Amino acid sequence: EAGVVQSPRYKIIEKKQPVAFWCNPISGHNTLYWYLQNLGQGPELLIRYENEEAVDDSQLPKDRFSAERLKGVDSTLKIQPAELGDSAVYLCASSLGATSGSIDEQFFGPGTRLTVL
Amino acid sequence: AQSVAQPEDQVNVAEGNPLTVKCTYSVSGNPYLFWYVQYPNRGLQFLLKYITGDNLVKGSYGFEAEFNKSQTSFHLKKPSALVSDSALYFCAVTKRAGGGNKLTFGTGTQLKVEL
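Protein chains in written order, with the numbering used here: chain A, 1416 to 1532; chain B, 13 to 127.
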């Protein structure tokens, strides 16, 4: 079974440029998460989707970050414009979802390491 | 608000010795607790979870964790460490009622197992 797929794995851009990350969750997983992981820190949730609905985006800096999951499968996270402080690893994760009846484990992709110069 | 504390940035242990990675949590209500492991340039990998029931939870690769409600702890353990266990370990918590599977992670503990 394929895991969570993310691309690109690495991205280097100059500040003020836009950047986008793509995630394809595990087949059948209804819930999709985007996390930010700074060096030496644990992941921090940016946004959570149940199917195509963003049910928790309270930690997403909406002035420059946006996300979409139009068909309830794959998702894109965008930053425009990028700032130096956005340099981090962006992780995507998926889980079965609320219909599973329990809090189930999340499966993580390898992440995209963003460097903003 | 929910939070996790991993008091040790790094744990060093000799191969074959038992290992413990500490985790304490704070959450309103009853918790769901998780341990994840992260290898270099890889995403987090699920090890085990506590939902309810037996306080001793067994997981992947011989790891186990003990839930202690009175001490609000969920320490990760393994009876005999391997060099291949060297990695970054994260504890995470969410609350059962209304948590919405929103995990809060600790800052991680680097485990180093040496020959």
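A virtual CB, placed ideally from N, CA and C, is assigned to each residue, including glycine. From a predicted model like this one, the values you see are computed outputs, not experimental measurements.
query, result
"Beta-carbon proximity of Lys141 of chain B to Glu1520 of chain A, cut-off 7 Å", "One cannot answer for residue 141 of chain B here, as it falls past the ends of chain B, which runs 13 to 127."
"Chain A within 7 Å of Tyr62 of chain B, Cβ atoms only", "no"
"CB contact flag (Lys90 of chain B, Phe79 of chain B, <7 Å)", "no"
"Short CB-CB distance (under 7 Å) between Thr119 of chain B and chain A", "yes"
"Through-space distance from Asn53 of chain B to Val25 of chain B, alpha-carbon basis", "23 Å"
"Cβ separation of Trp1449 of chain A and Asp1489 of chain A, assumed to be a contact under 8 Å, to the nearest whole Å", "Not confirmed; about 12 Å, so no contact."
"C-alpha gap between Leu31 of chain B and Asp21 of chain B, whole angstroms", "14 Å"
"Sequence-distant residues of the same chain with beta carbon closer than 7 Å to Leu1506 of chain A, five excluded per side", "Tyr1450, Gln1452, Pro1458, Phe1523, Gly1524, Gly1526"
"Short CB-CB distance (under 7 Å) between Pro1476 of chain A and chain B", "no"
"Residues near Gly28 of chain B by beta carbon distance below 8 Å, same chain, minus five either side", "Ser92, Ala93"
"Neighbourhood of Ser1481 of chain A by C-beta distance below 7 Å, restricted to the same chain and skipping five residues each side", "Lys1493"
"Spatial neighbours of Ala1469 of chain A in its chain, beta-carbon cut-off 8 Å, leaving aside the 5 residues before and after", "Ile1462, Arg1463, Ala1482, Arg1484"
"Thr106 of chain B: contacting residues in chain A (beta-carbon distance under 9 Å)", "Ile1518"
"For Val95 of chain B and Gln1432 of chain A, the rounded distance between their alpha carbons", "42 Å"
"Chain A contact residues for Tyr44 of chain B, given Cβ-Cβ distances below 8 Å", "Ile1518"
"Inter-residue Cα distance where the pair is Asp66 of chain B and Thr36 of chain B", "18 Å"
"Proximity of Tyr101 of chain B and Val49 of chain B at Cβ, strictly below 7 Å", "yes"
"Per-residue DSSP class, three states only, for Tyr73 of chain B", "helix"
"Three-way DSSP call (helix, strand, coil) for Val39 of chain B in this model", "coil"
"C-beta neighbour in chain B for Pro1458 of chain A, strict 7 Å", "yes"
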